[in-house]
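Novice:
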Amino acid sequence: MTTTLPHGTTPADTGRAPFPWRRAALHTGALAVLAVMLYPLAWLLATSLKPAEEVIASLNLLPGRLEWSNYTTALEGVNGVTVWQLLTNSLLIAGGAVLGNVLSCSLAAYAFARLRFRLRGPLFAFMIATIMLPHHAVLIPQYIIFNQLGMVNTYWPLILPKFLATEAFFVFLIVQFMRGLPRELEEAARIDGCGPFRSFFLIILPLTRPALITTAIFTFIWTWNDFFTQLIYLFSPEKFTLTLALRSFVDASSQSAFGPMFAMSVIALLPIVLFFLAFQRFLVEGMASSGVKG
Amino acid sequence: MTTTDIPVTPARRGGATGPKRPGRPGGRRREGAAWVFLSPWVLGASVLTLLPMAVSLYLSFTDYDMFNAPSWVGLRNYTQMFTEDPRYWRSVGATLRYVVIAVPLQLAVALAVAMALKSMRRGRAFYRSAFYAPSLLGASMSIALVWRAIFNDGGTVDNLLGTGGWVNRPEWALFAVALLTVWQFGAPMVIFLAGLQQIPGELYEAASVDGASRWRQFLSITLPMLSPVVFFNLVLQTIQAFQVFTPAFAVSAGKGGPADSTLFYTLYLYDRGFVASHMGYASAMAWVLLLAIGAVTAVLFRTSRSWVFYADEEGR
Chain A
1 MTTTLPHGTT
11 PADTGRAPFP
21 WRRAALHTGA
31 LAVLAVMLYP
41 LAWLLATSLK
51 PAEEVIASLN
61 LLPGRLEWSN
71 YTTALEGVNG
81 VTVWQLLTNS
91 LLIAGGAVLG
101 NVLSCSLAAY
111 AFARLRFRLR
121 GPLFAFMIAT
131 IMLPHHAVLI
141 PQYIIFNQLG
151 MVNTYWPLIL
161 PKFLATEAFF
171 VFLIVQFMRG
181 LPRELEEAAR
191 IDGCGPFRSF
201 FLIILPLTRP
211 ALITTAIFTF
221 IWTWNDFFTQ
231 LIYLFSPEKF
241 TLTLALRSFV
251 DASSQSAFGP
261 MFAMSVIALL
271 PIVLFFLAFQ
281 RFLVEGMASS
291 GVKG
Chain B
1 MTTTDIPVTP
11 ARRGGATGPK
21 RPGRPGGRRR
31 EGAAWVFLSP
41 WVLGASVLTL
51 LPMAVSLYLS
61 FTDYDMFNAP
71 SWVGLRNYTQ
81 MFTEDPRYWR
91 SVGATLRYVV
101 IAVPLQLAVA
111 LAVAMALKSM
121 RRGRAFYRSA
131 FYAPSLLGAS
141 MSIALVWRAI
151 FNDGGTVDNL
161 LGTGGWVNRP
171 EWALFAVALL
181 TVWQFGAPMV
191 IFLAGLQQIP
201 GELYEAASVD
211 GASRWRQFLS
221 ITLPMLSPVV
231 FFNLVLQTIQ
241 AFQVFTPAFA
251 VSAGKGGPAD
261 STLFYTLYLY
271 DRGFVASHMG
281 YASAMAWVLL
291 LAIGAVTAVL
301 FRTSRSWVFY
311 ADEEGR
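Going down the list, the sequences are from chains A and B. UniProt numbering puts the first residue of the first sequence at 1, with every later residue one more than the last. UniProt numbering puts the first residue of the second sequence at 1, with every later residue one more than the last.
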């Protein structure tokens, strides 16, 4: 797909209506790309409702007969742990992470964006550098630390780091947003006797709400999807998250388990889809503003 | 790392109140307040970032299995890695192949779609959101499992193209994983689109008055004006691609197969450290990854001086 269409003679003033076929071609192309992209999702939904024999025999996308029992099987869960338990575990971790990131990252961001202190330049540069730091460089010692603290196979290693602003991407995101707020606000507040703490909580934080919501939603989705950290730190089935429980399907690739396996995959994707539908404006704009200044 | 090249411009306090005299009690109190705000980050950065980096560097020179005290082996892990471990090199090869295939392809698709959307007047917001959705879903285990099934023997791709299952064939399995990355082009696309919308329309008007073709306009206006955004996406996606784990784990049942073709670096690191309990070896691998990502980022930053164009530097 490109915008360079055969007729180089098309005037470039996009403000005027171009030839109708051109617009039609663009929409056709976009819809075609969209159809290909949505196919895996449609396939997932369809397969989660297919009876076992159809998964193997039939090439149709749509199931001939809806097999709802895939979902009842999926609800029973894995390793004797119900989906409700897995869902609760996932929500607990994601919720803790959201709270931690919003709190700690906004505190750090306020200091970097609005306060003056020695070493601000170097520390800010270091903070930015940690965005690029591969997780693996700190992974093993972190594991050893949490192991020493007796926290392996608990949720602390998954939640605690978020309360310490270790996800520098969000600090950066909030810093960028706070820099856009007019300085006069705090100056007026200072004249009225507000210290930095009251300025932060009463003036800056409420105005930063869009960035905080973006942080919260991204944290939720990324934590929900994060497989690697959960794989390393959790090993009791009753502490598993939905994502981790899907792991037990990784080894078993027999197609008779396809229906329940993809029913469970749908359940695991559902919260992300709902979040996306509810907050897509924040998500798309949050992503856009991370790459383009201003 | 290459932090010095990042345009770090800590916002200056507006000069309205004039410069603070040093030693004024209010100033010192403010400095104290800053450190209170900063304290969670300072704790996290030192205990969960700096200290672990130092420890993993130390461990990389030891033999360590989590149960017995680490024993110093000097450069043994590194020499073993580079000279005696063919799987290590296969993991390096798979990762580099994946990065070189997936990242440019993903960015090219992202840019093409962003340009198409930019010239649309209706439905742009809808497409933008719809194309972005896979970027959020694609990192999940659910989608990784879907991918394995679609690219398996008897899966959709097999039925459609008759090429057999990609994930079972050493020469194709990597492409299956790369396509999952390309599928997630929405995040860079959204950033490209935002960048495209900031290019002033007068530039195109002037160019078309001068009779420049669309292709010429793309080369002479769009690409240079967009180059900071291209650069941002390139750095971000490259760093992320070096660390990809979940799809390779799902596609190969955690083993990196077939024939180590999807044995990504992180998968092998996980295998050495957490499956085989060679924490020292895994730490050495982690440090090589850190240095490799640092080097690649540094090279990108260095070459960027010749192709990234910042309009505000030209006194616009």
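Idealized CB from N, CA, C, for every residue including glycine.
If you drop the 5 nearest sequence neighbours on each side, which residues of the same chain put their C-beta closer than 6 Å to that of residue 214 of chain A?
Specialist: For the purposes of this step, residue 214 of chain A is taken as the residue at position 214 of the first sequence. Cβ neighbours of residue 214 of chain A beyond the five flanking positions: 282, 286.
Novice: So within the region 69-120 of chain B, which uninterrupted alpha helix (DSSP H) runs reach at least 4 residues, ignoring any that extend past its ends?
Specialist: As far as the region 69-120 of chain B is concerned, its whole alpha helix (DSSP H) runs of at least 4 residues are 76-79, 86-118.
Novice: Since residue 28 of chain A sits in a beta bridge, which residues does DSSP pair it with?
Specialist: In the first sequence, residue 28 of chain A corresponds to position 28, counting from 1. Answer by DSSP bridge pairing: none, since residue 28 of chain A is not bridged.
Novice: Could you tell me whether any Cβ in chain B is nearer than 8 Å to the Cβ of residue 174 of chain A?
Specialist: For the purposes of this step, residue 174 of chain A is taken as the residue at position 174 of the first sequence. No, residue 174 of chain A does not count as interfacial toward chain B.
Novice: Using 8 Å for Cβ pairs, my map puts residue 171 of chain A next to residue 108 of chain A. What's the rounded Cβ distance?
Specialist: What you label residue 171 of chain A is simply residue 171 of the first sequence in a count that begins at 1. What you label residue 108 of chain A is simply residue 108 of the first sequence in a count that begins at 1. Residue 171 of chain A to residue 108 of chain A, Cβ: 5 Å. Contact.
Novice: Kindly list the residues whose CB is nearer than 8 Å to the CB of residue 279 of chain A, restricted to its own chain and excluding five residues on each side of it in sequence; keep chain order.
Specialist: Stepping through the first sequence from its first residue, residue 279 of chain A is reached at position 279. Excluding positions up to five away in sequence, the list reads 213, 217.
Novice: Taking 6 Å as the limit between beta carbons, can you name the residues of its chain near residue 308 of chain B, skipping five residues before and five after?
Specialist: The residue labelled residue 308 of chain B in the question sits at position 308 within the second sequence. The answer, listed in chain order, is 227, 228, 231.
Novice: Looking at the C-beta of residue 264 of chain B, does it have a partner C-beta in chain A at a distance below 8 Å?
Specialist: By one-based count along the second sequence, residue 264 of chain B stands at place 264. False, the Cβ-Cβ gap to chain A never drops below 8 Å.
Novice: So with CB distances below 9 Å, who are the chain B contacts of residue 269 of chain A?
Specialist: Here residue 269 of chain A refers to the residue found at position 269 of the first sequence. Within chain B, the residues near residue 269 of chain A are 137, 140, 142, 143.
Novice: Does residue 127 of chain B have its Cβ less than 8 Å from a Cβ in chain A?
Specialist: Within the second sequence, residue 127 of chain B is the residue found at index 127, counting from 1. Chain A contact via Cβ: present.
Novice: For residue 156 of chain B, which option in A:75, A:43, A:124 has the closest C-alpha, if you only look at C-alpha atoms?
Specialist: In the second sequence, the residue the question calls residue 156 of chain B occupies position 156. The option with the nearest alpha carbon to residue 156 of chain B is A:43.
Novice: Does DSSP put residue 81 of chain A in a helix, a strand or coil?
Specialist: Mapped onto the first sequence, residue 81 of chain A falls at position 81. Three-state DSSP puts residue 81 of chain A in a strand.
Novice: Would you kindly check if the distance between the Cβ of residue 141 of chain B and the Cβ of residue 116 of chain A is under 8 Å?
Specialist: One-based indexing of the first sequence puts residue 116 of chain A at position 116. One-based indexing of the second sequence puts residue 141 of chain B at position 141. Going by C-beta atoms, residue 116 of chain A is not nearer than 8 Å to residue 141 of chain B.
Novice: Looking at C-alpha atoms only, which residue of B:51, B:161, B:104 is the closest neighbour of residue 237 of chain B?
Specialist: Translated into the one-based positions of the second sequence, residue 237 of chain B becomes position 237. The candidate whose alpha carbon is nearest that of residue 237 of chain B is B:104.
Novice: Quick one: give me the first and last residue of the alpha helix (DSSP H) that residue 220 of chain B is part of.
Specialist: Stepping through the second sequence from its first residue, residue 220 of chain B is reached at position 220. Taken as a continuous stretch (DSSP letters only), residue 220 of chain B belongs to no alpha helix (DSSP H), as it is neither H nor E.
Novice: Out of B:274, B:244, B:81, B:168, state which residue places its alpha-carbon closest to the alpha-carbon of residue 258 of chain B.
Specialist: Stepping through the second sequence from its first residue, residue 258 of chain B is reached at position 258. Minimum Cα distance to residue 258 of chain B is reached at B:168.
Novice: How many angstroms separate the CA atom of residue 251 of chain A from the CA atom of residue 282 of chain B?
Specialist: Here residue 251 of chain A refers to the residue found at position 251 of the first sequence. Here residue 282 of chain B refers to the residue found at position 282 of the second sequence. Near 24 Å, if we compare the C-alpha coordinates of residue 282 of chain B and residue 251 of chain A.
Novice: Report yes or no: do three or more beta-carbon pairs, one from the region 153-164 of chain A and one from the region 39-47 of chain B, lie closer than 8 Å?
Specialist: Contact holds: three or more Cβ-Cβ distances are below 8 Å.
Novice: Among A:52, A:105, A:134, A:189, whose alpha-carbon lies nearest the alpha-carbon of residue 173 of chain A?
Specialist: Taking the first sequence and counting its residues from 1, one reaches residue 173 of chain A at position 173. Of the listed residues, the one whose Cα sits closest to residue 173 of chain A is A:105.
Novice: Taking all protein chains shown into account, decide if residue 69 of chain A is buried (16 or more other Cβ within 10 angstroms of its Cβ) or exposed.
Specialist: As a working mapping, residue 69 of chain A is identified with position 69 in the first sequence. Residue 69 of chain A is exposed by the Cβ-count criterion.
Novice: Can the beta-carbon of residue 193 of chain B be found closer than 8 Å to that of residue 114 of chain B?
Specialist: Here residue 193 of chain B refers to the residue found at position 193 when the second sequence is read from its first residue. Here residue 114 of chain B refers to the residue found at position 114 when the second sequence is read from its first residue. Result yes, Cβ atoms of residue 193 of chain B and residue 114 of chain B sit closer than 8 Å.
Novice: Under a CB-based cut-off of 8 Å, is residue 166 of chain A close to chain B?
Specialist: Indexing the first sequence from 1 puts residue 166 of chain A at position 166. Judged by the 8 Å Cβ criterion, residue 166 of chain A is in contact with chain B.
Novice: Measuring alpha carbon to alpha carbon, tell me which of A:206, A:95, A:232 ends up nearest residue 270 of chain B.
Specialist: By one-based count along the second sequence, residue 270 of chain B stands at place 270. Ranking A:206, A:95, A:232 by Cα distance to residue 270 of chain B puts A:232 first.
Novice: At what residues does the alpha helix (DSSP H) containing residue 171 of chain B begin and finish?
Specialist: Walking along the second sequence from the start, residue 171 of chain B turns up at place 171. Counting along the chain, the alpha helix (DSSP H) containing residue 171 of chain B begins and ends at 170-183.
Novice: Among A:47, A:225, A:28, A:38, whose alpha-carbon lies nearest the alpha-carbon of residue 295 of chain A?
Specialist: Outside the shown range of chain A (1 to 294) lies residue 295 of chain A, about which nothing can therefore be said.
Novice: Just the C-alpha distance for residue 290 of chain A and residue 114 of chain A, rounded to the nearest angstrom, thanks.
Specialist: One-based indexing of the first sequence puts residue 290 of chain A at position 290. One-based indexing of the first sequence puts residue 114 of chain A at position 114. Between residue 290 of chain A and residue 114 of chain A, the C-alpha separation is close to 19 Å.
Novice: Mind pulling the alpha helix (DSSP H) runs of 4 or more residues that sit fully within the region 90-158 of chain A?
Specialist: Runs found: 120-132, 136-148.
Novice: Give me the DSSP bridge partner(s) of residue 63 of chain B.
Specialist: Along the second sequence, read from residue 1 onward, the residue named residue 63 of chain B stands at position 63. B:71.
Novice: Along the region 253-286 of chain B, where does the CB come closer than 7 Å to a CB of chain A? Name the residues.
Specialist: So the close ones are 253, 254, 266, 269, 273, 274, 279, 282, 283, 286.
Novice: Assign residue 234 of chain A to buried or exposed, taking buried as 16 or more other Cβ atoms, counted over all protein chains shown, within 10 Å of its Cβ.
Specialist: Along the first sequence, one-based indexing puts residue 234 of chain A at 234. Label assigned to residue 234 of chain A: buried.
Novice: Name the chain A residues that come within less than 8 Å of residue 221 of chain B, Cβ to Cβ?
Specialist: Counting from 1 along the second sequence, the entry for residue 221 of chain B is found at position 221. Within 8 Å Cβ-Cβ: nothing; residue 221 of chain B doesn't reach chain A, min ~10 Å.
Novice: Assuming the contact rule is C-beta atoms closer than 8 Å, residue 241 of chain B and residue 109 of chain B should be a hit. Round their C-beta distance to whole Å, please.
Specialist: Numbered from 1 along the second sequence, position 241 holds the residue referred to as residue 241 of chain B. Numbered from 1 along the second sequence, position 109 holds the residue referred to as residue 109 of chain B. So it is not a contact: roughly 15 Å between Cβ atoms.
Novice: Does the beta-carbon distance from residue 120 of chain A to residue 112 of chain A come in below 8 Å?
Specialist: Position 120 of the first sequence holds residue 120 of chain A. Position 112 of the first sequence holds residue 112 of chain A. Yes, they are a contact pair.
Novice: Pairs of beta-carbons, one from the region 243-251 of chain B and one from the region 202-209 of chain B, closer than 8 Å: are there three or more?
Specialist: Too few Cβ pairs lie closer than 8 Å, so no.
Novice: Counting pairs of Cβ atoms below 8 Å between the region 51-63 of chain B and the region 212-227 of chain B, do you hit three or more?
Specialist: Not touching, per the Cβ criterion.
Novice: Is it true that the region 257-277 of chain A meets the region 70-84 of chain A, where meeting means three or more beta-carbon pairs spaced less than 8 Å apart?
Specialist: Yes, the region 257-277 of chain A is in contact with the region 70-84 of chain A.
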